[in-house]
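Reading through the structure tokens given below for one structure.
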Amino acid sequence: MDKPDFKDYSLAMFCGGRQVFRSREAGLKTLVEWLEIYRGKYRGCLLHDKIVGLAAAKLIVYSGLASAVAAAVASAPAKSFLQAHEIPCHAALWVDNILTADGTAISPEEVIALETDDRDDFLKKIYRMAKVNMDAFDSCRGQCGYTPWCRECMESRGLTTELLSSK
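In the numbering used here, the protein residues as written are 1447 to 1613.
In structure tokens form, the structure reads like this:
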């Protein structure tokens, strides 16, 4: 498995030996958005995600994109969930759970993942929590070429999706 370079990104996906995307943005929202953008476009990819908890693991499995995951930090529940779906996960550090930034509690995303077994309910709750705004896909956040989120950048890469065409 290729060794992640989390100095250059916090999230990246590699398919067929080439980098498909990368982002320096932290948090689950970026993973939610990217997995939606690329859903159905690729399979068998290697996903590098700096922190993989159970919420991220569920999103990864439900997307159908990744066949392997590499992380700086990953939780035991994430490892179990990924393994149950035959997706190996390699991490530099294994933890019991992903905690809040102050380290005092399990992160809200993890609580949702731990308490929600139904796939559709989980996705609704995570999307609501991540505040995924489909209008954001009309603007690439001024980072064209690095984060191809605007319609023009996506279309130039052949990445029109149901999400974009349904608007």
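Beta carbons are placed, not taken as given, at the ideal position from N, Cα and C, and that holds for glycine.
Task: residue 1455 to residue 1575 span [Cα, whole Å] - done: For the purposes of this step, residue 1455 is taken as residue 9 along the sequence shown, with counting starting at 1. For the purposes of this step, residue 1575 is taken as residue 129 along the sequence shown, with counting starting at 1. Roughly 23 Å between the two C-alpha positions.
TODO: Please state whether DSSP places residue 1592 in a helix, a strand or coil.
DONE: The residue labelled residue 1592 in the question sits at position 146 within the sequence shown. At residue 1592, the pLDDT of 37 sits below 50, so the modelled position is not reliable and the matter cannot be decided from this model.
Task: Same chain, Cβ closer than 6 Å to residue 1543, five either side skipped, listed in chain order - done: Numbered from its first residue, the sequence shown carries residue 1543 at position 97. Closer than 6 Å at the Cβ level, and outside the excluded window around residue 1543, lie 1521, 1552, 1556.
Open item on the list: Can you give me the C-alpha to C-alpha distance between residue 1546 and residue 1486, rounded to a whole angstrom?
Closed with: The residue you call residue 1546 lines up with position 100 of the sequence shown. The residue you call residue 1486 lines up with position 40 of the sequence shown. Taking the straight line joining both Cα atoms gives about 32 Å.
TODO: Report the three-state DSSP secondary structure of residue 1516 (helix, strand or coil).
DONE: Counting from one through the sequence shown, the residue named residue 1516 turns up at place 70. It is a strand residue.
- [ ] With a floor of 3 residues, list each beta strand (DSSP E) that falls wholly inside the region 1491–1551, ordered by position along the chain.
- [x] 1491–1495, 1512–1521, 1535–1541
Task: For residue 1560 and residue 1500, the rounded distance between their alpha carbons - done: Your numbering for residue 1500 matches position 54 in the sequence shown. Your numbering for residue 1560 matches position 114 in the sequence shown. As the crow flies, the alpha-carbon of residue 1500 is around 7 Å from that of residue 1560.
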